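Taking my numbering, the leading residue of the sequence shown gets 294, the next gets one more, and so forth. First the structure, in the form of structure tokens, and then the observations on it.
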Amino acid sequence: MKSLLAFLSMLVFGIATALYIGFHDNFPSRDRIYDDEQEGLKELVVFKFSHVVAENTPKGLAAKKFAQLVNEKSAGKIKIEVFPNGSLYSDIEEIKALKEGDVQFIAPSTSKLGMLSPDWFVLDLPYAFADYDAVREGLHGKIGDQLFASLQKDRIKGLAYWTNGFKQITSNKGPVKNPDDLKGQTLRIMQSNVIEDQFKLLHAKGRQDSFNSTFQLLESKKVDGEENTISNIYSKKFYNVQNYMTISNHGYLGYAVMTDQTWWNSLPKETKRILSEAMKETTEWNEKHAAKMNKDQLQQIREHSPILIHELTDEERKAWMKRLDPVYDQYKPIIGEHLIQQVRDLQKQHFTSNGQ
Ligand code: LMR
294 MKSLLAFLSM LVFGIATALY IGFHDNFPSR DRIYDDEQEG LKELVVFKFS
344 HVVAENTPKG LAAKKFAQLV NEKSAGKIKI EVFPNGSLYS DIEEIKALKE
394 GDVQFIAPST SKLGMLSPDW FVLDLPYAFA DYDAVREGLH GKIGDQLFAS
444 LQKDRIKGLA YWTNGFKQIT SNKGPVKNPD DLKGQTLRIM QSNVIEDQFK
494 LLHAKGRQDS FNSTFQLLES KKVDGEENTI SNIYSKKFYN VQNYMTISNH
544 GYLGYAVMTD QTWWNSLPKE TKRILSEAMK ETTEWNEKHA AKMNKDQLQQ
594 IREHSPILIH ELTDEERKAW MKRLDPVYDQ YKPIIGEHLI QQVRDLQKQH
644 FTSNGQ
């Protein structure tokens with residue numbers, strides 16, 4: 294009996310020692326981060342940033358810029374490891390990974406956040422924003438505040454809004470000029486019911502699928518077309534497997550940069566300061582460069598691809614706006630009157646002041 298007791302106590306001691314050593318070896322950076330609270334940053338810590346687009350896009354370059362700024366501001370003590378092209382997680386998986394603490398930063402397009410709160414659908418409404426100024430006014434104002442507040446119930450912290458630009462339509466079936474031209478076609482769309490319902494108004498079918506499956510869907514002709522920003526169409530070479538593109542600017546595509554609230558709260562003050570400063574500078578940089586990237590890449594497509602490009606005339610755009618307008622009333626009970634009204638006010642101001 295005595296020797297059994299001695300054996301058991303040695304076993305318990307052994308397990309406890311192994312666990313202690315194991316934890317110290319496996320999670321050195323986490324330990325150090327907490328210890329550094331008073332002393333400043335001493336050891337390298339690594340945070341992960343996952344996104345689904347290519348590097349030569351407004352989001353891809355912003356993520357790299359953020360990593361570079363954090364590195365500089367922390368004198369190399371904080372490393373942001375960026376995983377582009379969905380190499381770590383797909384666009385839907387990354388939200389789950391954030392909540393589970395497997396990744397520290399993500400920047401999904403806002404269209405994918407309707408699954409967290411229907412408030413986000415407001416940004417997918419057709420022709421919600423006339424231009425980048427209108428987007429900035431909305432997201433830096435009450436619309437942006439309300440959307441970030443809606444994340445709190447999921448313990449997610451919204452860090453910044455990054456922009457990409459306006460969506461265009463590509464198709465293989467024929468030129469798309471009038472709202473009836475998409476009739477009977479299937480288009481890959483982001484995971485958003487508002488977008489799907491917009492296409493129903495055009496008698497077309499929206500197939501909700503991940504960004505990284507789009508090229509394959511187009512190439513294998515499982516869908517006839519898709520809608521996206523120029524930078525995504527360019528960097529993923531959708532123009533190589535599509536015959537027609539319409540510059541319709543019919544919807545906005547931008548990003549919410551997010552982190553886990555509990556994780557954020559646990560960070561030392563100095564780390565939070567560095568990350569916040571770097572995020573602010575990156576956001577300003579992103580706002581300055583996104584429009585130009587989309588413009589330059591459209592020029593590249595024009596010069597190097599046989600895809601036929603049509604730009605909607607004012608008259609044509611008005612016809613699209615009219616056809617798609619019923620989705621505003623359809624979603625009023627879901628999104629809420631207040632948010633919809635904010636968009637209506639911005640439309641009035643920006644579509645008219647630009648003579649659009
Ligand atoms: C898409 O799924 O088409 C976009 O959300 C991709 C992106 O992140 O820009």
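Even for Gly, the Cβ is constructed at its ideal location relative to N, Cα and C. Here the structure is a predicted model, which means the values were calculated and not measured.
The beta carbons of L418 and V487 sit closer together than 9 Å. Just so you know, the alpha carbons of L617 and Y537 end up roughly 21 Å apart. The beta-bridge partner set that DSSP reports for I462 consists of E520, T539. Of the candidates Q445, K466, I600, the residue whose Cα lies closest to the Cα of K476 is K466. Here Q501 carries a strand assignment [DSSP, helix/strand/coil].
Here the region 511 to 530 makes no contact with the region 418 to 435; the two share fewer than three CB pairs at distances below 8 Å.
Using a Cβ distance threshold of 9 Å, G544 and Q491 count as a contacting pair. Beta-carbon to beta-carbon, Q439 and D395 are separated by about 28 Å, too far to satisfy the 8 Å threshold. The three-state secondary structure of S485, taken from DSSP, is coil. The region 572 to 587 and the region 512 to 521 do not touch, with fewer than 3 CB-CB distances between them shorter than 8 Å. Taking N364 as the centre and dropping the five residues before and after it, the same chain places no C-beta closer than 6 Å to its C-beta. For H631, the closest C-alpha among the options T552, V339, G437, A355 is that of G437. Secondary structure note for K372: it is in no alpha helix (DSSP H), and the uninterrupted beta strand (DSSP E) holding it is 371 to 376. The shortest CA-to-CA distance from T645 to any of Y420, I628, A355 is the one to Y420.
With contact defined as three or more Cβ pairs closer than 8 Å, the region 595 to 604 and the region 366 to 383 are not in contact. Taking the CA atoms as reference points, G547 sits about 12 Å from A355.
At the C-beta level, F342 and A400 come within 9 Å of one another. Taking C-beta separations shorter than 8 Å and ignoring five residues to either side along the sequence, the partners of K392 in its chain run D447, R448, I449, D553, following chain order. Counting C-beta atoms within 10 angstroms of its own C-beta, K562 has fewer than 16 neighbours from the protein chains shown and is therefore classed as exposed. For L432, the CB contacts under 7 Å within the same chain, skipping 5 residues up- and downstream, are Y454 in chain order. Taking all protein chains in view, the Cβ of T555 is surrounded by fewer than 16 other Cβ atoms within 10 Å, so the residue is classified as exposed. Using a 10 angstroms sphere on the CB of Q593, the tally of other CB atoms stays under 16, which defines it as exposed.
Note on geometry: alpha-carbon atoms of A347 and K357 lie some 11 Å from one another. For Y548, the uninterrupted beta strand (DSSP E) segment begins and ends at 545 to 553.
Counting along the chain, the unbroken beta strand (DSSP E) around V339 starts and ends at 338 to 343. Burial of S464 is indicated by the presence of at least 16 other C-beta atoms within 10 angstroms of its C-beta.
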